[in-house]
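In the numbering used here, the protein residues as written are 667 to 1062.
Yeah, the Cβ is synthetic: ideal placement off N, Cα and C, and Gly gets one too.
Predicted model only: the values in this text are computed from it and were never measured.
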Ligand code: HEM
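Given below as structure tokens:
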């Protein structure tokens, strides 16, 4: 699929974002390192994306969410992990990583089941439902609040603040009332934990009490890390759940195959992650001269690193990379959806766990689930970093 004229994919152009396949294919074929804006290079090929995300010495994560507009690292009261470079990043990641260890995540599964059941108990077969708002947004927010150790009585309020903040990302404004309210709330929770003996029970406790040999975090650092964890895994996981269900229902034979054989669930999730990357790209700033696909890049220039295009690259994934297939062989190429290298997503196992539990319970309770008559897939407007439909209407 090639375009009649060579219009470089621009990651912050809503029209390009809404229908990216042809432009990204064209970029991969004809111009793997394009320059959609002055000082910004767009990377389209799988191997370039992987090489750049591996080389953290030449590519900094500072200002990771700011291209034109967006939130600059200096505007924040402390550096969140996704915008940090080594050595600060190394120590912070070691501190946070223990909460995402497989054994601890396995312990989360009963709670995740309970949270998914809590949403689905209100639904009846034959009813209409809207998956994004009524299920996909509900589950990851509650799972993350439980994972952090935030009291359940506050979850609805937290969800409201998070919705307001998610609605304007990546243009986070630290003077917006919801940011102020959420960070003040998290500061209060952390202060209560810090004043009590360490329990080791949850992430908030870990942020309030350093482990042996760890330097204590300042209160402002602890708040920013708690804030990032509150938001990092919610709309991304909500997008995964919505995209996954859309692909399974858009061709109902896929849903029927899962009904007949639950062992296909992991393949369905991996293929959704590949085919529809919730976070479309990440940003880096060049700090050392390099060549990428024979194109020189200079210190100070920005790179928009397309996780989505890497996942659709025929060179890595074969001729049918653009198709959603339950039969895709495992391990064909490197999935870029969760990033790669030192910043690889810490929450990937938690996102996969939620997708599995949601699918298991929907298949069990609503085997006749289908798209609502007349449903049309429209990409969500105004979220150029995120891939998902604006809504997903179904009949249960
Ligand atoms: C489908 C869901 C998710 C997607 C697509 C996703 C995507 C990503 C990506 C692409 C990165 C790398 C950013 C970069 O290299 O600049 C990242 C980092 C991160 N993610 Fe996720 N994420 C998801 C779910 C979660 C969840 C559930 C959590 C935790 C509750 C989480 C926590 C984090 C953290 C803490 C980092 C920073 C890691 C670091 O900088 O070392 N994510 N995520």
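Next item on the list: Report the partner residues of residue 951 according to the DSSP bridge assignment.
Entry: 726 and 968
Checklist line | Within 8 Å, strictly: CB atoms of residue 828 and residue 919 | finding: no
Check: CB of residue 906 to nearest heavy atom of the ligand HEM: below 7 Å?
Finding: yes
Next item on the list: Quick one: using the 10 Å Cβ neighbour count with 16 as the cut-off for buried, is residue 913 buried or exposed?
Entry: buried
Item checked: Cβ-based neighbour list, residue 732, same chain, cut-off 6 Å, excluding 5 preceding and 5 following -> 738
Checklist line | Close beta carbons around residue 766, own chain, < 8 Å, minus the five adjacent residues each side | finding: 1012, 1013, 1015 and 1016
Notebook entry, point to check: The alpha helix (DSSP H) spanning residue 832 covers which residue range?
Noted result: 821-832
Next item on the list: Give a single yes or no on whether residue 946 has its beta carbon closer than 7 Å to a heavy atom of the ligand HEM.
Entry: no
Item checked: Residue environment, residue 909, which counts as buried when at least 16 other CB atoms sit within 10 Å -> buried
Notebook entry, point to check: Using a Cβ-Cβ cut-off of 6 Å (strictly less than) and excluding sequence neighbours within five positions of residue 1059, which residues of its own chain qualify?
Noted result: 796, 1038 and 1041
Item checked: Under the three-state DSSP convention, the category residue 674 falls into -> coil
Checklist line | Candidates 906, 886 and 917, of which the one nearest residue 992 by Cα | finding: 917
Next item on the list: Tell me whether residue 958 counts as near the ligand HEM, meaning its Cβ is closer than 7 Å to at least one heavy atom of that ligand.
Entry: no
Notebook entry, point to check: When the Cα of residue 833 is compared with those of 1062, 1056 and 1061, which residue comes out closest?
Noted result: 1056
Check: Taking Cβ to Cβ, would you say residue 860 is nearer than 8 Å to residue 877?
Finding: no
Notebook entry, point to check: How should residue 1043 be labelled, buried or exposed, when 16 other C-beta atoms within 10 angstroms of its C-beta is the threshold for buried?
Noted result: exposed
Check: For residue 899, is the beta carbon positioned less than 7 Å from some heavy atom of the ligand HEM?
Finding: yes
Checklist line | Backbone CA spacing between residue 902 and residue 955 [nearest angstrom] | finding: 33 Å
Notebook entry, point to check: Can you tell me the Cα-Cα spacing of residue 939 and residue 890, whole angstroms?
Noted result: 27 Å
Next item on the list: Would you check if the distance between the CB atom of residue 710 and the CB atom of residue 952 is smaller than 8 Å?
Entry: no
Next item on the list: Along the alpha helix (DSSP H) that carries residue 1067, what are the first and last residues, could you check?
Entry: This structure gives no information on residue 1067, because the portion of the chain shown stretches from 667 to 1062.
Check: Hey, how far is the Cα of residue 853 from the Cα of residue 809?
Finding: 20 Å
Notebook entry, point to check: Cβ atoms of residue 974 and residue 1053: under 8 Å apart, would you say?
Noted result: yes
Next item on the list: Please work out which residues of its chain come closer than 7 Å, Cβ to Cβ, to residue 1046, disregarding the five sequence neighbours upstream and downstream, and give them in chain order.
Entry: 1052, 1054, 1055 and 1056
Check: According to the neighbour-count rule (16 or more other Cβ atoms, all chains shown, within 10 Å of its Cβ), is residue 683 buried or exposed?
Finding: buried
Next item on the list: Please check the pair residue 946 and residue 806, which I expect to be a contact at CB under 8 Å, by giving their CB distance rounded to whole angstroms.
Entry: Between residue 806 and residue 946 the Cβ distance is about 18 Å, and since that is not below 8 Å, they are no contact.
Note to self: Following a CB-centred definition, is residue 710 positioned closer than 7 Å to any heavy atom of the ligand HEM?
What the structure shows: no
Next item on the list: Please find out if some non-hydrogen atom of the ligand HEM comes closer than 7 Å to the beta-carbon of residue 1004.
Entry: yes
Margin query: Per DSSP, what are the beta-bridge partners of residue 1059 in this structure?
Written below: 796
Margin query: Out of 747, 776 and 1061, which one is the CA nearest neighbour of residue 763?
Written below: 747
Note to self: Here's the rule: buried if 16 or more other CB atoms are within 10 angstroms of the residue's CB, otherwise exposed. What is residue 781?
What the structure shows: buried
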